[in-house]
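Take a look at the structure below.
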Amino acid sequence: MLFYFFGALAVIASLLVIAQRNPVYSVLLLITSFGALSGLYVLLDAPFAAAIQIIVYAGAIMVLFLFVVMLLNTPHEDTDADEKTHPMLRPGPMRFGAAMAVALLGELAWALSRSGPTSTFSNTPVTSLSAIGYTLFTDYAFQFEVTSVLILVAMVGAVLMARREDQPGEKR
Amino acid sequence: MFSVISNNSFVIAQVGIAAVVWFLLQISAAVMVYFERKVCAWLQQRVGPNRVGKAGLLQPIADVVKLLFKEELRPAAADPLLFALAPIISATAAFAAFAVVPFGGSTTLFGLLSEPLPLHVADVNVAVLVVFAITSMGVYGIVLAGWSSNSKYSLLGALRSSAQMISYELSYGMALAAVLVLANSMSLREIVNAQSGSLLGIPQFRWFVFLNPLGFLIFFIAGIAETNRAPFDFPEAEQELVAGYHTEYSSMSFGMFFLAEYINMVTVSAVTTDLFLGGWWFPGVPESLGWLVFLFKISVLLFFYLWMRWSLPRYRYDQLMSFGWKVMLPASVLNVIATAAAVLYFGL
């Protein structure tokens with residue numbers, strides 16, 4: 000029962016995200032969708048994942064999204080003006096996009112048809128925090144470290160891009 | 000049959016606790032407003048509110064009545080839906096966060112109940128994270144209020160608040176992590192009970208504030224920044240931003256922001272008490288009277304909040320940012336590493 004409630008909420012909110020003209024509303028609906036997903040995690044006996052979902056996605060990342068949207072301050076998309084002039088809305092790119100969408104749909108259908116009800120996950124749910132930490136730092140240590148290096152690279156890139164060119168003591 | 004009845008009384012007691020907590024949080028906001036004005040007056044060598052009731056004790060009621068009966072105004076250019084939603088988000092997040100905070104050991108309330116009742120609304124095994132998650136939702140109230148008002152003061156206040164909250168949330172979480180390492184649990188009740196051991200021969204005195212003083216300091220400072228209190232009250236810096244994010248709000252929707260601010264202070268103090276100050280444990284006080292100890296500890300922390308607000312000037316915004324990122328964050332990371340090492344090698 001609750002599953003259908005949260006599931007429907009997530010799907011409807013996600014659909015409304017792309018139906019909004021106002022980006023701030025899109026951000027809020029995305030947060031709603033994340034909240035519904037977090038509810039699903041609780042139903043799956045994974046309260047830790049649920050809390051992390053809220054803290055990381057809804058609490059931190061979406062605040063940054065909202066921040067950027069507010070700073071850009073584009074209350075409404077000028078769809079009418081963009082309709083004719085936007086390069087992505089000419090027939091060529093649109094056909095490409097349609098082909099990609101069909102490919103994605105096909106892949107999803109294929110993936111769903113292959114995974115039966117007996118999935119490969121073990122029946123013992125890893126819910127306790129120490130178990131999650133242990134798995135993360137032993138079985139998935141390599142993936143974990145690679146991800147952190149990726150984030151580090153992104154951080155260095157952001158610092159590099161934000162740095163002003165005309166710093167004193169530097170070559171122009 | 001008997002078990003059903005006792006179960007029922009347990010459910011009734013749980014609902015009762017939820018209602019009492021909800022009511023007390025509202026009352027606490029009123030009491031805090033009164034003491035805010037009184038403490039301010041004492042620090043400035045004035046008398047403070049003294050007209051309504053004895054020693055001005057009915058002043059909060061007069062304030063609430065005034066707020067309720069004022070006209071509700073909305074700027075013509077504001078976004079109507081979000082303008083109405085923002086204070087609701089703030090107040091809801093403030094109330095909801097307290098739901099997972101335990102505020103006393105098991106008690107029969109001086110023999111009123113047949114079975115001891117643990118004093119909390121909900122005992123969640125990741126309570127620490129839930130508090131953190133809900134308070135991080137509260138920032139949306141402020142950000143949306145600032146954006147939907149369509150006023151530059153409000154927008155600047157909202158931008159400042161989101162930048163500030165993101166910056167200090169990191170050290171807040173890191174200070175939290177050190178406590179989790181010490182207690183080896185994420186349940187606030189278990190964290191409190193982990194502090195009931197003896198320290199230096201004094202029973203019920205193994206508070207984490209003594210084991211991890213730096214963590215306490217970081218957590219407390221970050222908590223002040225999270226609740227947007229002075230000296231970190233940038234989102235509403237009166238001298239620069241009129242009133243910051245709630246400049247355009249009036250009547251009860253302003254009241255809800257006001258309520259949220261004070262309830263957030265109470266929640267942060269309660270969480271600090273649970274995490275560092277031994278919760279309801281005090282040497283020589285039995286667990287059944289723990290909630291009184293808890294109230295006392297919260298009151299001390301809240302008084303400290305008021306004391307700070309009326310003693311310290313506001314930081315400059317760039318000072319706030321460099322302090323948050325260059326002092327607080329490295330210190331909190333070092334604190335986590337040191338705590339973890341100490342737990343591993345000395346088995347604290």
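Residue numbers (numbering that gives the first Met the number 0), protein chains in the order written: chain F, 0 to 171; chain Z, 0 to 347. In this text, a Cβ means the ideal position worked out from N, Cα and C, and glycines have one as well.
Looking at the C-beta of Leu128 (chain Z), does it have a partner C-beta in chain F at a distance below 8 Å?
-> yes
From the beta carbon of Ser331 (chain Z), is the nearest beta carbon of chain F less than 8 Å away?
-> no
Whose Cβ in chain Z lies nearer than 8 Å to the Cβ of Phe66 (chain F)?
-> Val142, Leu158, Ser161, Ala162
So, are the CB atoms of Ala92 (chain Z) and Thr134 (chain Z) less than 8 Å apart?
-> yes
Taking C-beta pairs closer than 8 Å, name the residues in chain F that Leu154 (chain Z) reaches, listed in chain order.
-> Met69
With a cut-off of 8 Å, do at least 3 Cβ pairs link the region 136–147 of chain Z to the region 64–72 of chain F?
-> yes
Less than 8 Å between the CB atoms is what I'm expecting for Met264 (chain Z) and Leu301 (chain Z), so what's the real figure, rounded?
-> 6 Å
Nearest-angstrom Cα separation, counted from Asn49 (chain Z) out to Gly58 (chain F) | 42 Å
Taking only the alpha-carbon atoms, compute the straight-line gap between Gly55 (chain Z) and Ala193 (chain Z) and give it to the nearest angstrom.
-> 42 Å
Are the C-beta atoms of Ile60 (chain Z) and some chain F residue less than 8 Å apart?
-> no
Run through the region 81–137 of chain Z for me and flag every whole beta strand (DSSP E) of 3 or more residues, listed as ranges in chain order.
-> 103–106, 116–118
Tell me, please, whether the CB atom of Lys170 (chain F) is closer than 8 Å to any CB atom in chain Z?
-> Because Lys170 (chain F) sits at a pLDDT of 48, beneath the cut-off of 50, its placement in the model cannot be relied upon, and the point is left open.
Helix, strand or coil: how does DSSP classify Leu198 (chain Z) here?
-> strand
Under the rule that 16 or more other beta-carbon atoms within 10 Å means buried, what is Lys37 (chain Z), buried or exposed?
-> buried
Verify whether the separation of the beta carbon atoms of Ser170 (chain Z) and Leu67 (chain Z) is less than 8 Å.
-> no
Cutoff 8 Å; reference Glu70 (chain Z); Cβ partners in own chain excluding five residues on either side | Ser249, Ser250
Between the region 315–333 of chain Z and the region 207–227 of chain Z, do at least 3 Cβ pairs fall closer than 8 Å?
-> yes
Any C-beta of chain F sitting closer than 8 Å to the C-beta of Met136 (chain Z)?
-> yes
So, helix, strand or coil for Thr146 (chain F), using DSSP?
-> helix
Of all the CB atoms in chain F, is at least one closer than 8 Å to the CB of Met394 (chain Z)?
-> This structure cannot settle anything about residue 394 (chain Z), because the visible part of chain Z is limited to 0 through 347.
What does Ile165 (chain Z) reach in chain F if we use C-beta pairs closer than 7 Å?
-> Ala59, Val62
If Gly289 (chain Z) and Gly172 (chain Z) are in contact, beta carbons under 8 Å, what's the gap, nearest whole angstrom?
-> With a Cβ gap of about 27 Å, Gly289 (chain Z) and Gly172 (chain Z) do not count as contacting.
Segments assigned alpha helix (DSSP H), at least 4 residues, entirely inside the region 7–51 of chain F | 22–42, 46–51
Determine the DSSP secondary structure at Thr246 (chain Z), reduced to helix, strand or coil.
-> coil
Outcome for Met61 (chain F) when other beta-carbon atoms lying within 10 angstroms are tallied against a minimum of 16 = buried
At a CB-CB cut-off below 7 Å, which residues of chain F make contact with Trp146 (chain Z)?
-> Val23, Met69
Is Leu42 (chain F) near Phe2 (chain F), with beta carbons less than 8 Å apart?
-> yes
Please report how far the alpha carbon of Gln349 (chain Z) lies from the alpha carbon of Gly105 (chain F), in whole angstroms.
-> Since the first residue shown for chain Z is 0 and the last is 347, residue 349 (chain Z) is missing from the structure and cannot be characterised.
Run through DSSP, which three-state label would Leu56 (chain Z) get?
-> coil
Cβ-based contacts, 9 Å cut-off: residues of the region 47–58 of chain F near chain Z = Phe47, Ala49, Ala50, Ile51, Gln52, Ile53, Ile54, Ala57, Gly58
Near Val46 (chain Z), what residues of its chain come up, given a Cβ to Cβ distance below 7 Å and the 5 sequence neighbours on each side ignored?
-> Ala40
At least one CB of chain Z closer than 8 Å to the CB of Leu128 (chain F): is that the case?
-> yes
Between Val342 (chain Z) and Gly278 (chain Z), is the Cβ-Cβ spacing less than 8 Å?
-> no
Quick one: using the 10 Å Cβ neighbour count with 16 as the cut-off for buried, is Arg20 (chain F) buried or exposed?
-> exposed
Kindly indicate which three-state DSSP category Lys65 (chain Z) falls into: helix, strand or coil?
-> helix
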